[in-house]
């Protein structure tokens, strides 16, 4: 098990991870592959694409959020035991590993809270609220339709 390998790991369910360390044979720093954001996160984080070229059956990303004053940065960086790793899926290229390392370094630097960053965060929050309300409305309509059928 080496740095840069893509593995299926057992969490609450099987999920893909990219190993970021491999020096200690008993535990590994890894980052979970997640679905790409459906909202533009530029200025608030970085996503590094990981998918079929790395042996996965779908396209995903490693997402790195920037730390902001007064906030907790959400990442999918974790430590796994050897027994958590179920099946090797593939490996990232050297260039992709460099991109991941650059994103990891960038995500560790404290970002300066500017009016532009605050406005960008507000845009994202508003977009997510609208999407959540629209999804709830569709769900309520489906529930109503089911009640009318019975």
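Residue numbers (UniProt numbering): 1 to 150. Yeah, the Cβ is synthetic: ideal placement off N, Cα and C, and Gly gets one too.
- For residue 16, the three-state secondary structure derived from DSSP is strand.
- Annotated as proximal: residue 56 and residue 50, with beta-carbon spacing under 8 Å.
- Boundaries of the beta strand (DSSP E) harbouring residue 77: 77 to 81, taken from the DSSP string.
- By the criterion of a C-beta distance shorter than 6 Å, residue 120 is surrounded in its chain by 43, once the five residues flanking it on both sides are discounted.
- Under the DSSP assignment, residue 23 falls outside any beta strand (DSSP E); it carries neither an H nor an E label.
- Between residue 22 and residue 92, the gap from beta carbon to beta carbon reaches 8 Å or more.
- Between residue 97 and residue 17, the CB-CB gap reaches or exceeds 8 Å.
- Linking residue 132 to residue 65 through their CA atoms gives a straight-line distance of about 22 Å.
- Taking C-beta atoms as the reference points, residue 9 and residue 84 count as a pair closer than 8 Å.
- In this model, residue 90 and residue 135 are separated by some 36 Å (Cα to Cα).
- Assigned with DSSP and collapsed to three states, residue 97 falls in helix.
- Setting aside the 5 residues that flank it on each side, residue 54 is surrounded in the same chain by 6, 90 and 92, each with a C-beta closer than 6 Å to its C-beta; the list follows chain order.
- Under the 10 Å beta carbon count, residue 63 is surrounded by 16 or more other beta carbons and is classified as buried.
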